[in-house]
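Undergrad: Structure in structure tokens, see below.
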Amino acid sequence: MLQLIKKMSVSLLMTVSILGHAVEAEPQFQIEKISQLQGIPWGMAQLNTDTLLVTILDGQLLKVDILTGETVELSGLPEIARFGQGGLLDVAIPPDFKDTGWVYFTYAHPTTSDEATTALARAKLLDNALVEWTDLVIADASSSKGQHFGSRIAFDGQGHVFFSVGDRGKRANAQDLSNHAGSILRVNMDGTVPADNPYVRHGQIRPEIWSFGHRNPQGLYFDQKTQHLWSNEHGPRGGDEINLIRVGANYGWPIVSYGKEYWAPIQVGESTSKEGVEEPKKVFIPSIAPSSLLIYRGDLFKEWNGDFLSTALALRHLNNVKLKSGKVYETRFLEDLKERLRDVIEASDGSLLISTDSGKILQLFPAHY
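Numbered according to mature numbering (1 follows the signal peptide of the UniProt record, and there is no 0), the sequence shown spans residues -22 to -1, 1 to 347.
Set out below in structure tokens:
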């Protein structure tokens, strides 16, 4: 059992898959346990150098002091549907936060006494309270099922916010553009529809849709350096994906998939590829259950610059993917923690902040830091 001690360098087994060949190495990291929380810390956003905002799936929003680990619960949240995978989901600080004061959230919004959908909202902070809470988009994806809400948030820095919505446990939703389920949505910062969205004035198609054919995307990241939007999503039994998100594109679910049915070793869908469907840049078989996505651009882990980092729930590690010269290289870190890793973000100093389903907030540094 690996014990986490503040600023202690620990040795963790690293498994590297390069073109199907596994090798082992022993890297060194420093892992600092910032805080031990109650519940599942689902989303994180760094408010300033010393403060994190952390969403707890059960419906709490916390300020966490990065230096001391002390927490304060914020008031002002709306009614949140907590069932299955639904609850208080992501939190994100937009590029214009210093000018506007808005903080963005996704959460399970109750639509009836036994149904809920994914919603995008924003609010402002006043001391230890949220004020001016505004629901920007209440997705047309209501269901009594408790699975596949999504949902992560990303900003392009050009006045738009993206957020992901899962298929809500109904596969056909992902190919039905008359609802929002199984889609990545793009709206203006105030929730209105941009005039250049691909399906504006297209009859019954929902104009907020940016891409579709997604199963349950829980990773979403806009890379400012390349101006590309990326997502990862949970497949069924196998078939998790990393996708480059293109405007108006179809990502295939459930027509194409690399996954298998839960009830038998039978391929889901027609095949693994089809004309008119975007191919994933990386497929995970077996499933790792990716629950967040980050493209690292910091200075501390120089060898990771431009790499994809994802937390993994099922195989319990921090996943690293390099896309280089048309080849895919995968590395797995922190397996010795044996923790369901939920979220990873890049801190302002280039370190990594990681949350676990057991309630830990961890900070990862190189050993030489």
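Where is the CB? At the ideal position from N, CA and C, for every residue including glycine.
Which value, in whole angstroms, describes the spacing of the CA atoms of THR49 and THR29?
TA: For THR49 and THR29, the distance between alpha carbons rounds to 10 Å.
Undergrad: Residues bridged to residue 349 by DSSP?
TA: Residue coverage of the chain in this structure runs from -22 to 347, which leaves residue 349 outside it and unanswerable.
Undergrad: Please report the straight-line C-alpha distance between LEU15 and GLN38, rounded to a whole angstrom.
TA: Computed Cα separation, rounded: 11 Å.
Undergrad: What residue range does the alpha helix (DSSP H) around LYS280 cover?
TA: Careful: LYS280 lies outside any alpha helix (DSSP H) and carries neither H nor E.
Undergrad: Roughly how many angstroms lie between the CA atoms of GLY328 and GLN341, to the nearest whole one?
TA: In a straight line, the C-alpha of GLY328 is about 10 Å away from that of GLN341.
Undergrad: How long is the line joining the alpha carbons of GLN205 and LEU271, rounded to whole angstroms?
TA: Each residue's alpha carbon lies about 16 Å from the other.
Undergrad: Buried or exposed: where does GLY284 fall if 16 or more other Cβ atoms within 10 Å of its Cβ makes it buried?
TA: By the 10 Å Cβ count, GLY284 comes out exposed.
Undergrad: Could you tell me which residues DSSP puts in a beta bridge with GLN24?
TA: DSSP lists LEU30 as partners of GLN24.
Undergrad: Closest to GLY216 by C-alpha separation, out of GLU253, GLN245 and PRO185, would be which residue?
TA: Measuring from the Cα of GLY216, the nearest candidate turns out to be GLN245.
Undergrad: Here's the rule: buried if 16 or more other CB atoms are within 10 angstroms of the residue's CB, otherwise exposed. What is ALA59?
TA: By the 10 Å Cβ count, ALA59 comes out buried.
Undergrad: Under the three-state reduction of DSSP, which class applies to ALA119: helix, strand or coil?
TA: It is coil, neither helix nor strand.
Undergrad: Provide the residue span of the alpha helix (DSSP H) that contains LYS41, from first to last.
TA: Per DSSP, LYS41 belongs to no alpha helix (DSSP H); it is in the beta strand (DSSP E), 38 to 43.
Undergrad: For TYR82, which of ALA101, GLU93 and GLY65 has the nearest alpha-carbon?
TA: Nearest of ALA101, GLU93 and GLY65 to TYR82, Cα basis: ALA101.
Undergrad: Which stretch, first to last residue, makes up the beta strand (DSSP E) that contains THR309?
TA: Unbroken beta strand (DSSP E) run through THR309: 305 to 311.
Undergrad: Taking three-plus beta-carbon pairs below 8 Å as touching, is the segment 164 to 181 in contact with the segment 117 to 129?
TA: No, because fewer than three Cβ pairs between the segment 164 to 181 and the segment 117 to 129 fall closer than 8 Å, the two stretches do not touch.
Undergrad: What residue from PRO72, ASP154 and PRO268 has the CA that sits closest to ALA292's CA?
TA: That would be PRO268, whose Cα lies nearest to the Cα of ALA292.
Undergrad: When DSSP builds the beta bridges, which residues end up paired with TYR347?
TA: DSSP output for TYR347 lists no bridge partner at all.
Undergrad: In this structure, how does DSSP classify LYS76 when only helix, strand and coil are distinguished?
TA: Here LYS76 sits in helix by DSSP.
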